[in-house]
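Chains as they are written, first to last, in the numbering used here: chain A, 3 to 225; chain B, 3 to 225. Below: the structure, in structure tokens.
Protein chains: 2
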Amino acid sequence: MLHFASLESPAPVWTLSPIEDAAVKTLRAHDPLTFEGDKADRLFEVLEGVIRVYKVFQDGRRQIMSFAFPGDIIGFAHEDTYSFDCDALVFSRVRAISKASLLRTVRERPELGEKMLAAASRQITAAQNLSIVLCRKSALERVASFLCTLAGRHQFLACSGTVSLPMTRADIADYLGLTIETVSRNITKLRGLGVISLPKTGYVQIENIQRLQSLADCEVDLH
Amino acid sequence: MLHFASLESPAPVWTLSPIEDAAVKTLRAHDPLTFEGDKADRLFEVLEGVIRVYKVFQDGRRQIMSFAFPGDIIGFAHEDTYSFDCDALVFSRVRAISKASLLRTVRERPELGEKMLAAASRQITAAQNLSIVLCRKSALERVASFLCTLAGRHQFLACSGTVSLPMTRADIADYLGLTIETVSRNITKLRGLGVISLPKTGYVQIENIQRLQSLADCEVDLH
DNA sequence: CGTATAATTGAGATTAGTCAATAACTGTGG
DNA sequence: CCACAGTTATTGACTAATCTCAATTATACG
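This is how it looks when you write it as structure tokens:
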């Protein structure tokens, strides 16, 4: 089964909870979390919902770097200022934790540093996997991989086989490096193959997960 | 100017040198450094040369994740076993450092942990940038970006404007998500535009770096 | 010097993108 | 509850880019 960017981690291996000044922030759908250029003094741990992390270029093109789900950490990839925008796709809760306080805590508890490094490792692997997907896969394989990965995050299985799809076709396209039309055509193709169905908007019913995986995998079997 | 995967870091911000059991390993061209599936108990800091980090799929397709140059660290993205193969393109020296000993040292010197985290951050950014390049750029833009980044690593400037190109067209193709033919055609195109010339095999002469950058950039201006 | 490998170039096929029209869904107000 | 407007999704026809297959040339190495 193929894993996607920050959809990767099945569960948080570390939590920022013991850190005293961690503040939980509540976001409604479409609320921004950070703006590009903001001072990047905090990391965010997603507790609930889905956060969209993206970059908009001068010509209007947009690249979605990741959809961050509960357990994912946002902000590792930033030094002084955020180089990406983040907003919520649905109602979400994130725990904000200042880097300064995190580093203080790491000095006292070195094992937390190891865990952070492990989390960073997983993000590097995830980002590299995304590169592989973008580099080596056809449009159909990319869409199948995306749906496969969503299905793998079982917290998004509303009920057996039904997967919540809180992002628009434009979001999926900008994540997979395709156009809206190509995403739509390939979803239609998967529907025609009987692999998925669309019971209602915002949801996908996985009819044949083995078939979907074989369409997605194309021999890619990362970790 | 655009940055590429592990070509990213201009200089090592941290060094593993103070760690006692760090061993320097010498590799001739084409010598393997690690095999996929090996126990991933070590990181490698490239001291000299170029290391090719790649993954081969069952159907023979290959994705080069990075060309690691002096100052780059290999092995962050691995947990238990290496998920990629590494070998040397030219004569190279790498410092191998066991993760266990690194973690011991981090416990005594927390600031080293911060530096490692910063290095990991840069790698995440680098991997994400590669995704953007693969996702959003045309073949000509990718080739121009690649040459631009090579030129930016000044340790590879043999003399003014001449850049060593130790990798084959197949390597470049497998890094940029293109075919050998497309890479070759676009190198020819850049030559036709007077932007580069090929004085001898294994080297590129940058004739017009501004022009090369403007062909590469296409509004992407990451950090 | 000859052979094997690497690089270039050409012609045609394939894939995804573009532009355009239509359909479906969302939310608002009557 | 329905009609409307605005957004999102689907579908079609055509275009453009890259890939594939093939031939040729250049380079490296024994």
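Ideal placement from N, C-alpha and C gives every residue a C-beta, glycine not left out.
Closest by CA to R124 of chain B, which one among B:I75, B:G179, B:K191, B:K57?
When each option's Cα is compared against that of R124 of chain B, the closest is B:I75.
Provide the residue(s) that pair with S199 of chain A in DSSP beta bridges, ordered along the chain.
Its beta-bridge partners are A:Q207.
Under 8 Å, Cβ to Cβ, is there at least one residue of chain B near C150 of chain A?
It does not: the Cβ of C150 of chain A has no partner Cβ on chain B nearer than 8 Å.
Taking just the CA atoms, how far does R106 of chain B sit from G115 of chain A?
Their Cα atoms are separated by approximately 12 Å.
Comparing C-alpha positions only, which one of A:I66, A:R155, A:V52 sits nearest to V96 of chain A?
Checking every option, the nearest Cα to that of V96 of chain A belongs to A:V52.
Can you round the beta-carbon distance between A146 of chain B and L214 of chain B to whole angstroms, since I take them to be within the 8 Å contact cut?
Right, their Cβ atoms sit about 6 Å apart.
Less than 8 Å between the CB atoms is what I'm expecting for L35 of chain A and A90 of chain A, so what's the real figure, rounded?
Yes, L35 of chain A and A90 of chain A are in contact; Cβ-Cβ is about 7 Å, under 8 Å.
Counting only beta-carbon separations shorter than 8 Å, does E81 of chain B have a partner in chain A?
Yes, its Cβ sits closer than 8 Å to a Cβ of chain A.
Using C-beta distances below 8 Å, list every residue in its chain close to V165 of chain A, excluding the 5 sequence neighbours before and after it, in chain order.
Cβ within range, chain order: L149, L152, A153, F158, L159, Y205, V206, Q207, I208.
Who are the near neighbours of A102 of chain A in its chain, counting only those whose CB is closer than 8 Å to its CB and skipping five residues on each side?
Counting only Cβ-Cβ distances below 8 Å, and skipping sequence neighbours, we find D43.
Which residues of chain A have a Cβ atom closer than 8 Å to the Cβ of S123 of chain B, listed in chain order?
What S123 of chain B touches in chain A: F78, A79, H80, E81, A122.
Could you name the residues of the same chain whose beta carbon sits closer than 6 Å to that of F46 of chain B, not counting the 5 residues immediately before and after it, in chain order?
Excluding positions up to five away in sequence, the list reads I76, G77, V96, A98.
Alpha carbon to alpha carbon, how far is K27 of chain B from F59 of chain A? Give it in angstroms, no decimals.
Approximately 42 Å, taken between the alpha carbons.
Would you give the residue range spanned by the alpha helix (DSSP H) that P112 of chain A belongs to?
It spans 112 to 138 - the alpha helix (DSSP H) in which P112 of chain A sits, taken as one unbroken run.
Please report the residue range of the beta strand (DSSP E) in which L29 of chain A lies.
Run containing L29 of chain A: 25 to 29, per the beta strand (DSSP E) assignment.
Using three-state DSSP, classify V185 of chain B as helix, strand or coil.
Here V185 of chain B sits in helix by DSSP.
Tell me, please, which residues DSSP counts as bridged to R54 of chain A.
DSSP lists A:F69, A:D89 as partners of R54 of chain A.
Just to make sure I have the definition right: I need the residues of chain B whose C-beta is within less than 7 Å of the C-beta of A129 of chain A. Which are they?
The answer, in chain order, is I126, A129, Q130, S133.
Say whether chain B places a C-beta atom closer than 8 Å to the C-beta of G39 of chain A.
False, the Cβ-Cβ gap to chain B never drops below 8 Å.
Between which two residues does the alpha helix (DSSP H) harbouring T151 of chain A extend?
T151 of chain A -> alpha helix (DSSP H) spans 141 to 154.
Roughly how many whole angstroms lie between the Cα atoms of K41 of chain A and A121 of chain B?
If I take the Cα positions, the gap works out to 19 Å.
Please classify E221 of chain B: is it buried, with 16 or more other beta-carbons within 10 angstroms of its beta-carbon, or exposed?
For E221 of chain B, the predicted model reports a pLDDT of 42, less than 50, meaning its position is unreliable and no value from the coordinates is stated.
Identify which residue in B:L178, B:L217, B:T203 has its Cα closest to the Cα of V197 of chain B.
Selected option, being the one with the closest Cα: B:L217.
Hey, does M118 of chain B have any beta-carbon neighbour from chain A nearer than 8 Å?
Closer than 8 Å to some Cβ of chain A, the Cβ of M118 of chain B qualifies, so yes.
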